[in-house]
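Only one structure is covered here, and it is reproduced in the block below.
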Amino acid sequence: MKQYILDDSDDLWEHFAKLIGEASWPAGKYLANEMIGGKVSDWERVIVMMDDDKLAGFCAVVREDIVKGTGFSPFIGFVFVSEPYRGQHLSQELVKLAESQIREIGFHKAYIVTKHVGLYEKLGYQEIDTAIDQLGRKMRILAKAL
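Those letters in the sequence shown? Residues 0 to 145, per numbering that gives the first Met the number 0, in order.
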């Protein structure tokens, strides 16, 4: 499995945006549009895991996630693992790669917005708040000191 840590200056940016946009999860299309539309800031990153030419999973380090105006940042968002690769702990690997990027950028805390219970807690995240996302869903905001 090959890992790619991308910023908007990377030569493979548009190639991976296209692959992410073809993912079975609608949020993949949203992330791809953000990537292609130049809406990714200087320190934001997209992390991709490839199995040869197959997209195994991706996530992103973003300034703001689907819950706006929280005052928290940065977020690990868009965590997705393609169906054939589920059950192999790739989401945990993606989160750990994102945490490493967050530390490298100079932040000391990471946030995750999710409805999932238990997945991120295994990695040391704790719920600090709840909020309504852009789609009207009640979401949990989790945090972890890095």
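We treat Cβ as the ideally placed atom computed from N, Cα and C, and that holds for glycine.
For Ala22, no beta strand (DSSP E) run applies, since DSSP gives it neither H nor E.
Taking C-beta atoms under 8 Å as the contact rule, Leu89 and Tyr119 fail to qualify, at a distance of about 14 Å.
An exposed status is given to Arg85, since fewer than 16 other beta-carbon atoms sit within 10 Å of its beta-carbon. Residue pairing for Tyr110: DSSP places it in a beta bridge opposite Phe74, Ala142.
The beta-bridge partner set that DSSP reports for Thr129 consists of Arg139. A direct Cα-Cα distance of roughly 22 Å separates Glu103 from Gly56. Contact annotation, Ile19 with Leu30: C-beta distance approximately 6 Å; criterion of less than 8 Å satisfied. With a beta-carbon spacing of about 23 Å, Arg62 and Glu92 fall beyond the 8 Å limit used to define contacts.
By the neighbour-count criterion, in which 16 or more other beta carbons inside 10 Å mark a residue as buried, Ile131 falls on the exposed side.
Judged by DSSP secondary structure, Gln100 falls within the alpha helix (DSSP H) whose first and last residues are 89 to 104. Distance from the CA atom of Lys67 to the CA atom of Val78, rounded to whole angstroms, is 18 Å.
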